[in-house]
Structure formats: C-alpha cells, structure tokens
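Encoded as structure tokens, the structure appears first; notes follow it.
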Amino acid sequence: MKKNSGITMISLAIMLVLLMILATITMYYGNSALDEAKLQDLKTNMLLIQASLRGNLEQYHFEANGADAAKKNELKNKYFKGKKISDNADVRNKFNQTNAENKINNEIYKEQNISFDYYYLDPSVLASLGIKNVNSNGKDGYYIVAYSLDDTYPNTIEVINTKGYRGIYTLTELMAI
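Letter by letter, the sequence shown follows residues 755 to 931 of the working numbering.
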C-alpha cells in the first residue's frame with residue numbers, strides 16, 4: 755500500500771492556518787462589536803441623565819429670573835440634582851484628570867461663553883431619576899453634570915463620564931462619533 759501521509763500533513767497544516775485566520779477575524783469583529791456596544795451604552799446612559807435633568811434646569815432658570823444670589827442658591831439646592839463636585843475630593847480629582855471642564859469652556863461652548871456648575875451624580879441620585887443599574891463609581895466612571903448658569907442658554911446641560919470612551923468624556927463629543 756501507498757502511504758499518502760505527506761499530503762495529509764500538508765492539508766492538515768493548511769487547515770490549521772485557515773482555522774487560525776478565521777479565529778483571528780472572528781475575535782477582531784467580536785471585540786469591535788463589544789466596543790461599539792459599550793459606546794452605545796455610555797451614550798444612552800448620558801442621554802437619559804441629560805433628559806432627566808433638563809426639566810429641573812429649565813425650572814431653575816424660570817424661577818431664578820431676576821432673583822438675588824441667596825434665592826438662586828436656594829433654587830440650586832432645590833433643582834440641581836447631585837452633590838456639588840467641590841464637596842467630593844475623589845470625584846474632583848478624577849474630573850480634573852479628564853480635562854473636561856477645559857474642553858467644555860474652551861472648545862464645546864467657546865462661542866457661547868456659558869458658566870457652569872458641576873455636580874456629581876451618585877447611584878442613589880441616578881436611581882431617584884429612574885435610571886437603574888447604572889454605576890457612578892471609580893470603576894465605571896463617575897457621572898458629572900454641568901448645569902448652565904447662563905440665562906441666555908437656560909437648557910444647556912452637559913453630561914460627563916470620568917472614564918469616558920477612548921479619551922472622550924463629554925456627551926457632546928460622544929454624539930459626534
């Protein structure tokens with residue numbers, strides 16, 4: 755009998771190479787699909803936060819129109835959800851690392867010259883807004899809201915995540931992707 759083991763070994767090697775190429779392609783597209791899903795989750799969460807808080811911001815501007823500083827502070831406490839970012843050192847440090855405040859003031863809203871107040875949304879605040887199963891922590895990124903204090907742009911609200919996506923931290927920038 756003839757032995758054809760040489761051809762069998764070559765065909766086996768070719769099959770292994772083809773399977774490795776197929777596995778590599780599958781892993782690449784699987785990872786990119788997971789990456790896209792993470793981006794969409796982040797965008798969705800940030801849009802939900804923005805929509806949930808926009809009404810509060812509009813109500814603040816409606817009631818604060820012509821009010822003195824003391825009344826405005828009282829209204830901020832009433833309508834601005836979250837904890838002032840300056841009250842939480844850990845969140846403030848993470849926020850500073852993102853350079854988001856600089857981007858918001860000098861790039862995104864440069865022409866409008868809007869002043870913002872920054873608030874950290876912890877999981878209990880998110881739950882009170884009806885946004886469940888969203889973590890706001892060091893691992894998943896802290897959610898921070900920039901409320902517009904400018905009467906000219908009363909419903910401008912920017913949502914920031916300190917983890918972000920590939921170096922992008924603000925909702926406005928993420929929506930451009």
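Even for Gly, the Cβ is constructed at its ideal location relative to N, Cα and C.
Since the model is a prediction, treat every value here as computed from it, not as a measurement.
- Here DSSP, grouped into helix, strand and coil, assigns VAL913 to strand.
- Nearest neighbour of GLU861 by Cα position, chosen from SER882, THR924, VAL771, LYS886, turns out to be THR924.
- For TYR873 against TYR901, the beta-carbon gap comes to about 7 Å, under 8 Å, which counts as contact.
- Where VAL845 is concerned, the enclosing alpha helix (DSSP H) starts and stops at 843–852.
- DSSP, reduced to helix, strand and coil, places THR780 within a helical segment of the structure shown.
- For LEU903, there is no enclosing alpha helix (DSSP H), as DSSP gives it neither H nor E.
- Counting only residues of its own chain and dropping the five nearest sequence neighbours on each side, GLY836 has a CB closer than 7 Å to the CB of TYR873, TYR874, LEU875, VAL879, VAL899.
- Under the three-state reduction of DSSP, LYS792 is assigned to helix.
- GLY892 carries a coil assignment under DSSP once its states are collapsed to helix, strand and coil.
- Between the region 886–898 and the region 826–846, the count of C-beta pairs closer than 8 Å reaches three or more; the two stretches touch.
- With contacts defined as CB atoms closer than 7 Å, LEU829 and ALA818 qualify as a contacting pair.
- In its own chain, leaving out the 5 sequence neighbours on each side, no residue places its CB closer than 6 Å to the CB of LEU772.
- Taking LEU903 as the centre and dropping the five residues before and after it, the same chain places the C-beta of SER869, PHE870, ASP871 closer than 7 Å to its C-beta, in chain order.
- Counting along the chain, the unbroken alpha helix (DSSP H) around LEU928 starts and ends at 925–929.
- Taking the Cα of TYR919 as reference, the smallest distance to any Cα among MET929, GLU912, ILE911 is reached at MET929.
- Between MET800 and ASN915 the beta-carbon gap is near 7 Å, inside 8 Å, which marks them as a contact.
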